[in-house]
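Q: Dropping the structure in here first, questions after.
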Amino acid sequence: MTARKYYIIGVGPGDPDLMSIRAVRSIQESDLILYDSLIPEDILIRFCSEKKKIHVGHRSSKDHHDIMERISDILDNTEDAVVAHLKSGDPAVFSHLHEEVDMLVHRGISYEIVPGISSAIAVPEMAGIALTGRGFSESFTIVSASDASGNFNEAEIRSAMAASGSVVIMMGARYLGKIRDLLVSMDYRKPVVVIENGTRPDQNVSFFRQPLDITAEYANSPALIVTGQIINLREVGKKDEDKIRN
Numbered sequence: 036m037t038a039r040k041y042y043i044i045g046v047g048p049g050d051p052d053l054m055s056i057r058a059v060r061s062i063q064e065s066d067l068i069l070y071d072s073l074i075p076e077d078i079l080i081r082f083c084s085e086k087k088k089i090h091v092g093h094r095s096s097k098d099h100h101d102i103m104e105r106i107s108d109i110l111d112n113t114e115d116a117v118v119a120h121l122k123s124g125d126p127a128v129f130s131h132l133h134e135e136v137d138m139l140v141h142r143g144i145s146y147e148i149v150p151g152i153s154s155a156i157a158v159p160e161m162a163g164i165a166l167t168g169r170g171f172s173e174s175f176t177i178v179s180a181s182d183a184s185g186n187f188n189e190a191e192i193r194s195a196m197a198a199s200g201s202v203v204i205m206m207g208a209r210y211l212g213k214i215r216d217l218l219v220s221m222d223y224r225k226p227v228v229v230i231e232n233g234t235r236p237d238q239n240v241s242f243f244r245q246p247l248d249i250t251a252e253y254a255n256s257p258a259l260i261v262t263g264q265i266i267n268l269r270e271v272g273k274k275d276e277d278k279i280r281n
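Below is the structure:
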């Protein structure tokens, strides 16, 4: 017994309206929905209400082996069905995509990857932050707050901060205090933005002029941290407006 086809679907940063048409169609074709911990309930209600659904976890890097085993067991007990695995953001960004594909290839299961809008770009954008801009930043770096073992990813974050451009730290809520301390130790003086529940109705954006101002209680999971040569779109044009008024 095995699945007939397997979709790996990126559902975007959280707002159901940001899902792609292909993602919705792939869900409609599926018989069984597997979903991760960060999939919003309203996406499940809106698009999967009549589907069989199984929660497969995935809150931290260190539990991904258990998740793959859980999915493997589910496939062992699935006969001639189309299965969809819903993932937040884009499936190719910090989601162990290669391990899931490897499992499917070894099982001989046909699969299709459906891209989603990455939270790394969409969440800052909808919070009024541009990652690049002529004369401001010509590059940006995306880094996970935790490493493959689920520990604080200090070396990669330090390296990202030393580069030019803007920096997006994914899954940074539980490490916000350590990130603050690291930036302070580096004498890092650029602004830091913490975005909780990005693109959602309960989105919260906290802007800090410098790392020393960050307080750890600001972040409740899930949260994304943006810093570096960022552009606050809410400030664009204000200098010109002040000149006109004066």
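Just so we're aligned, residue 36 is where the sequence shown starts under our numbering, counting upward by one.
Here a beta-carbon is modelled for each residue, glycine too, at the ideal position from N, C-alpha and C.
Given a cut-off of 8 Å on the beta-carbon distance, is the pair Lys-213 and Gly-263 in contact?
A: Not in contact: Lys-213 and Gly-263 (Cβ atoms no closer than 8 Å).
Q: At 4 residues or longer, and completely inside the region 176-222: list those alpha helix (DSSP H) runs for me, N to C.
A: With a minimum length of 4 residues, the continuous alpha helix (DSSP H) runs that stay inside the region 176-222 are 189-197, 211-220.
Q: Which first and last residues belong to the beta strand (DSSP E) in which Val-240 is found?
A: From DSSP, the beta strand (DSSP E) with Val-240 extends over 239-243.
Q: Name the DSSP beta bridge partners of Ile-164, please?
A: Note: Ile-164 sits in a beta bridge opposite Asn-267.
Q: Give the DSSP-derived three-state secondary structure of Ala-119 in the structure shown.
A: If DSSP states are grouped into helix, strand and coil, Ala-119 belongs with the strands.
Q: Using 8 Å as the Cβ pair cut-off and three pairs as the minimum, do the region 65-85 and the region 114-133 touch?
A: Verdict: yes, contact present.
Q: Where does Ile-260 fall in DSSP's three states?
A: Note: Ile-260 maps to strand in three-state DSSP.
Q: Which ranges would you report for the beta strand (DSSP E) in the region 106-155 if only whole runs of at least 3 residues count?
A: Within the region 106-155, the complete beta strand (DSSP E) runs of at least 3 residues are 117-122, 145-149.
Q: Please report how far the alpha carbon of Arg-39 lies from the alpha carbon of His-90, in whole angstroms.
A: One C-alpha to the other measures close to 20 Å.
Q: Leu-247: buried (16+ other C-beta within 10 angstroms of its C-beta) or exposed?
A: The residue in question, Leu-247, is exposed, as its Cβ has fewer than 16 Cβ neighbours within 10 Å.
Q: Tell me whether Ser-65 is buried or exposed, calling it buried when 16 or more other Cβ atoms sit within 10 Å of its Cβ.
A: It counts as buried.
Q: Using a threshold of 8 Å, state whether the C-beta atoms of Ile-62 and Cys-83 are closer than that.
A: In this structure, Cys-83 lies closer than 8 Å to Ile-62 by Cβ.
Q: Report yes if the C-beta distance between Ile-43 and Leu-110 is below 8 Å; otherwise report no.
A: No, Cβ-Cβ distance for Ile-43 and Leu-110 is not below 8 Å.
Q: Starting from Leu-9, trace the alpha helix (DSSP H) both ways and give me its first and last residue.
A: For residue 9 there is no data in the structure shown, the boundaries of the chain being 36 and 281.
Q: To the nearest angstrom, report how far apart Ser-199 and Gly-168 are at their CA atoms.
A: Roughly 13 Å separates the two Cα atoms.
Q: Under 6 Å Cβ to Cβ from Ile-266, same chain only, skipping five residues before and after it: list those, please.
A: Contacts found: Ala-165, Gly-168, Phe-171.
Q: How would you write the range of the beta strand (DSSP E) that Glu-231 sits in, first residue to last?
A: Its beta strand (DSSP E) spans residues 227-231.
Q: Residue range of the alpha helix (DSSP H) that Ile-249 falls in?
A: Element bounds for Ile-249: n/a, residue is neither H nor E.
Q: With distances taken between CB atoms, is the gap from Ser-181 to Met-206 smaller than 8 Å?
A: Closer than 8 Å, so yes.
Q: With a threshold of 8 Å between beta-carbons, can Ile-249 be considered close to chain B, or not?
A: Absent here is chain B; the protein component of the structure consists of one chain.
Q: Just the Cα atoms here: how many angstroms apart are Glu-85 and Leu-53?
A: Computed Cα separation, rounded: 21 Å.
Q: Give a yes or no on whether the C-beta atoms belonging to Ala-258 and Val-219 are separated by under 8 Å.
A: Against a cut-off of 8 Å, the Cβ pair of Val-219 and Ala-258 comes out as no contact.
Q: According to DSSP, is Val-46 helix, strand or coil?
A: In this structure, Val-46 counts as coil in the three-state DSSP scheme.
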